[in-house]
Amino acid sequence: MLILTRRLGEKVMIGDAVSITILEIRGNQVKIGIEAPREVPVHREEVYRLVKEQNELAAAVIMDPLSVWQRMGGKERK
Amino acid sequence: MRVKTRYGDWEIEEEKIIFMEGPILGFEKIRRYALLSGGAGVPFYWLQAVDEPAVAFLVVEPKVVCPAYDPDLKRICGEMEIFEEDDLALLSILTIREHPFSASVNLRAPLVLNVRTKKGRQIVLEDERFPVRYAIEVIKAKDTPSDSFPPKGIESLAGEIVKHCG
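So the sequence lines, in the order shown, correspond to chains F and V. Here the first sequence is numbered in the numbering used here, starting from 252 and rising by one per residue. Here the second sequence is numbered in the numbering used here, starting from 915 and rising by one per residue.
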């Protein structure tokens, strides 16, 4: 892992399109600003992991929409 | 075009194929999907990966399961060039457990679709009011408004399930 020391207001460039700016340091919290092209999604790691895991669980479902609907008390409209 | 699924081959019009420019997280290599209706009056759909028969998600318009769902989508709509309300379709992915039956919906990371361009992204909301696992139970028939359902945007994307024999 590359480790850099930065001061308030300083930036790190990742490639030529992504930049990270140190905006605020308070106690054990750091506020950072991220500029990235729209095709580069930026997520908090723990939320990203949670969503990814949920997606993987969801993709393993083999019940079809109508069965799920009926299981929940829904009726098919004729 | 013909789309292979776990349930056989389905037919979908080519122009209805959705391109996930912002991938479903964990499925970064899969970008083309077809939305298949679950039947008349059924609020759930299949979002079937066109090039991966084994990958399909059950999806629902989030307002059907959570009428108070009102995430701030201004920024994402700007980025995705969604200017008209009718161009926006929102879908949430369902997770089902069969034995015993339970269902939850991911309200934190909806799929935002531009109905006009057929492009979509899974976004992760900052808004912590909306959980990744929002449990749903019975949906009463009276809860699904028949006039406004299905939402216009989604309906225009969804292909009828026309099963191929063999």
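Glycine included, each C-beta is placed from N, C-alpha and C at the ideal position.
Supposed contact pair residue j and residue i - C-beta distance, whole angstroms, cut 8 Å
| i | j | result |
| --- | --- | --- |
| residue 898 of chain V | residue 920 of chain V | This structure gives no information on residue 898 of chain V, because the portion of chain V shown stretches from 915 to 1080. |
| residue 974 of chain V | residue 1000 of chain V | Actually they are not in contact, since the Cβ atoms of residue 974 of chain V and residue 1000 of chain V sit about 19 Å apart, beyond 8 Å. |
| residue 292 of chain F | residue 936 of chain V | 6 Å |
| residue 969 of chain V | residue 941 of chain V | 7 Å |
| residue 296 of chain F | residue 270 of chain F | The Cβ separation is near 19 Å, so there is no contact. |
| residue 1032 of chain V | residue 994 of chain V | At roughly 11 Å, the Cβ-Cβ gap does not stay under 8 Å, so residue 1032 of chain V and residue 994 of chain V are not in contact. |
Within 7 Å, strictly: CB atoms of residue i and residue j
| i | j | result |
| --- | --- | --- |
| residue 305 of chain F | residue 1046 of chain V | yes |
| residue 1038 of chain V | residue 979 of chain V | no |
| residue 971 of chain V | residue 309 of chain F | yes |
| residue 272 of chain F | residue 282 of chain F | no |
| residue 288 of chain F | residue 268 of chain F | yes |
| residue 1017 of chain V | residue 1050 of chain V | yes |
| residue 926 of chain V | residue 314 of chain F | no |
| residue 930 of chain V | residue 1071 of chain V | yes |
| residue 320 of chain F | residue 964 of chain V | no |
| residue 1036 of chain V | residue 938 of chain V | yes |
| residue 1041 of chain V | residue 985 of chain V | yes |
Collapsed DSSP secondary structure at residue i in the structure displayed
| i | result |
| --- | --- |
| residue 1000 of chain V | helix |
| residue 917 of chain V | strand |
| residue 925 of chain V | strand |
| residue 313 of chain F | coil |
| residue 1050 of chain V | strand |
| residue 1068 of chain V | helix |
| residue 239 of chain F | Given a span of 252 to 329 for chain F in the structure shown, any question on residue 239 of chain F remains unanswerable. |
| residue 321 of chain F | helix |
| residue 255 of chain F | coil |
| residue 302 of chain F | helix |
| residue 296 of chain F | helix |
| residue 1042 of chain V | coil |
| residue 307 of chain F | helix |
Per DSSP, cross-strand counterpart(s) of residue i
| i | result |
| --- | --- |
| residue 284 of chain F | F:272 |
| residue 933 of chain V | V:946 and V:1033 |
| residue 264 of chain F | F:270 |
**Item:** Sequence ranges, beta strand (DSSP E) only - wholly within the region 971-1039 of chain V, length at least 3
**Value:** Counting only runs of at least 3 residues, the region 971-1039 of chain V fully encloses the following beta strand (DSSP E) elements, listed from N- to C-terminal order: 1002-1011, 1016-1019, 1025-1028 and 1033-1036.
**Completely contained beta strand (DSSP E) runs for the region 937-966 of chain V, where each covers 3 or more residues** = Taken in chain order, the unbroken stretches of beta strand (DSSP E) that lie wholly in the region 937-966 of chain V and span 3 residues or more are 946-951 and 958-963.
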